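Working notes, structure below.
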Amino acid sequence: MLKIPSHLILTAKQKESLYSLPDSMFTNIKWESENDAISFLREHNLVLENRNERKWKVRYSDKAKGIYLLQCCYGSDMSSKNKNGKDKIRKSRQDYKFVSCLAFARIKKFKNNSINIFGYLNHLEDCQHQPPPHLNKKNKIHDSPPYTLNSSLMLSKKIKRKSANGFSFFYKFSRNILKREHPNSSPREKMIRAARLWSASPNEVKNSFKRYAEDDNALMTFDSKVTKPAIIMFDRDDRDEEFNRLFDELISEDMLI
C-alpha cells in the first residue's frame, strides 16, 4: 500500500484523496547521476534560481541521509497543523492561500550520486492562478531562507549577507540565561522556550536582533567571492536530530526577520 510521508501537512480529506489515487499517478523515478536528473527537476520547478517563484515548502530534511521532502505552498492548511501538532510553540501562520493542492516530492540523493524522486507532482489549476509566493504571504515580516538544490543537487539553506538570521542571534543570546533559569531542561525544551520568548517580542526588538546579527561574525563566514551557509553556534549537547529539525522548522517560517 502507498505510504504518504507523515511530515506533510494535510487535512483528512487531502489524505483520503491521495490514498484514493492509483499508483500510476505517482512519480517514482531514479537517475544514475545528477546530470540525468537536473532537467526533470527544472521541469517541475524543484530547482529555481529565482526563489520568489518557487511554490514548494520544505517539510522535512535529513542531510545525513540526503532526504528532502517538499510540499506545495498552497497545499497546507496550517490550522490542521495546530490541531495535530505535538509541539504547540505558537499558532502557525497561514502564509499562503490554501487550495487543497496534493503535490509533494521526496528527493533522496544516494552516496553514489544517484537521485530518486517519489511523489505526486500534479498541482491543481488553482495553484497556477496564485501570485508568486513572495507576493502571496500575509502579515509578512521577512523572506524565508531560500532552499535550493545547488550544483551538487544537495538541498542547502543559504542566507545572504543582507538577510541575517535574527532568531539565531536571539537564541544564542538567550541560551545562557535559559541554562541558568532552567538547568534541567533539555536542549529541545530550551529551544521551545526561546521560541516562545521570540514570538512574544515586538517587531522592534526582532529588528534590533537582526541588526546585531548582521554585524556578528559568529553567525556567518564569508570568503572573498562566495557567501557561505550560516554557521549557527550550538553547544555540543544541542546537536541532536530532533533539535535540528525543530530549529529548521522555526527559521523556515516566521523566525527570520
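Under our numbering, read the sequence shown as residues 1369 to 1625, first letter to last. For each residue, glycine too, the CB sits at the ideal point set by N, CA and C. Only a predicted model underlies this, so the values are computations on that prediction, with no experimental measurement involved.
(request) Determine the burial state of His1497: buried for a count of at least 16 other Cβ atoms within 10 Å of its Cβ, exposed for fewer. (result) exposed
(request) State the start and end residues of the unbroken alpha helix (DSSP H) segment that holds Phe1394. (result) Run containing Phe1394: none; DSSP gives neither H nor E here.
(request) Look at the alpha carbon of Asp1622 and the alpha carbon of Asn1481, and state the distance between them as a whole number of angstroms. (result) Its pLDDT being 42, under 50, Asp1622 is placed unreliably in this model, and the coordinates cannot settle the point.
(message) If I measure Cβ to Cβ from Lys1476 and keep anything under 6 Å in the same chain, skipping five residues before and after, which residues do I get?
(response) Gly1434, Ile1435, Asn1484
(message) So, for His1550: in the same chain, excluding its five sequence neighbours on each side, which residues have a beta-carbon less than 8 Å away from its beta-carbon?
(response) Glu1557, Lys1558, Arg1561
(message) I'd like the list of long-range same chain contacts for Tyr1428, defined as Cβ closer than 6 Å, with 5 residues on each side in sequence excluded.
(response) His1375, Leu1437
(request) Answer with buried or exposed for Tyr1387, where buried requires no fewer than 16 other C-beta atoms within 10 angstroms of its C-beta. (result) exposed
(message) Using the three-state DSSP reduction, which class does Asn1552 fall into: helix, strand or coil?
(response) coil
(message) Rounded to the nearest angstrom, what separates Phe1394 and Met1446 at their Cα positions?
(response) 24 Å
(request) Grab the span of the beta strand (DSSP E) containing Cys1440 for me, first residue to last. (result) 1435-1440
(request) May I ask you to list the residues that DSSP assigns as paired with Ala1432? (result) According to DSSP, Ala1432 bridges with nothing at all.
(request) Please report how far the alpha carbon of Pro1373 lies from the alpha carbon of Lys1578, in whole angstroms. (result) 34 Å
(request) State the DSSP-derived secondary structure class of Lys1465, mapped to helix, strand or coil. (result) coil
(request) Would you decide whether Ile1545 is buried or exposed? Buried here means 16 or more other CB atoms lie within 10 Å of its CB. (result) exposed
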